[in-house]
Every structure is written in structure tokens, then in C-alpha cells.
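Taking it in order: structure first as C-alpha cells, then the write-up.
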Amino acid sequence: MAILYKFTCSCGYQTNACDGKDGCFFVDTLTMTCGRCKELHDVTVRTYERTPLETRGKGTDVAPICPSCGSGDQLTRWKTEGWFRVRPCPKCGKRMSKVGMLALID
Ligand SMILES: [Zn+2]
Ligand SMILES: [Zn+2]
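So for the sequence shown, this note's numbering puts the first residue at -1; every next one is plus one.
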């Protein structure tokens, strides 16, 4: 189960993301910014064998790849955790605001 949030920035950029570490049935995702295309993405970092949810299979780490440009070398983890939850806008670097919950994905 993953929760999708909407984020907006004063520069006009807006996007939907899971706000940090989350996972759906068979994948774990991390919210990351791509320095190449300046977009925020939920990127798959781990996949699981398809087993019933209660006995979630062993995970396999996968190299994060930006879904927009197909490259992983410019991806950095979005700052959503710890004392300093900056959530910087990938376009202008200002702090983005969480404006609401969009959907539960399962
Ligand atoms: Zn990219
Ligand atoms: Zn911005």
C-alpha cells in the first residue's frame, strides 16, 4: 500500500509523489530527484518475488533509473526525513508544500 501526495512549489512546479520511502505490492520505491531532467519521481529500488503479501518474498535491490530520461547517475534521494525535512523543489530549490493526499495505491 502506498499513499500518493500532491506537492506544489511557489515557482509553479507541482507533482505527485509518495513522500519518501514507500512500497506497493511487489516493489519498494524511494522519492528521488533527477538532476538531468529536474523532476521528482518515485523510483523503484527493490523488487520482490510474487508471493502472497503475508509472506513477502525476498527482495532484490535494483539500480534506480529515472523513468523520464532512463539514466540513474543524476538521481538523489529527496530530503523527506530527519530533522530537516526540506523537500526541495527540483526546479528552483525552494521548499515544496504538501497540499493533499491523492490516492491509496494497492
Ligand atoms: Zn531524469
Ligand atoms: Zn520551485
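Where is the CB? At the ideal position from N, CA and C, for every residue including glycine.
Exposed is the label assigned to Cys9, since fewer than 16 other Cβ atoms lie within 10 Å of its Cβ. Of the candidates Lys19, Arg34, Asp26 and Ile1, the residue whose Cα lies closest to the Cα of Gly57 is Asp26. Relative to ligand 2, Cys35 has its C-beta separated by 7 angstroms or more from all heavy atoms. In the DSSP assignment, Gln12 forms a beta bridge with Thr6. A direct Cα-to-Cα measurement between Thr74 and Leu2 gives close to 19 angstroms.
If you look at Asp26, you'll find it in the beta strand (DSSP E) that goes Val25 to Cys32.
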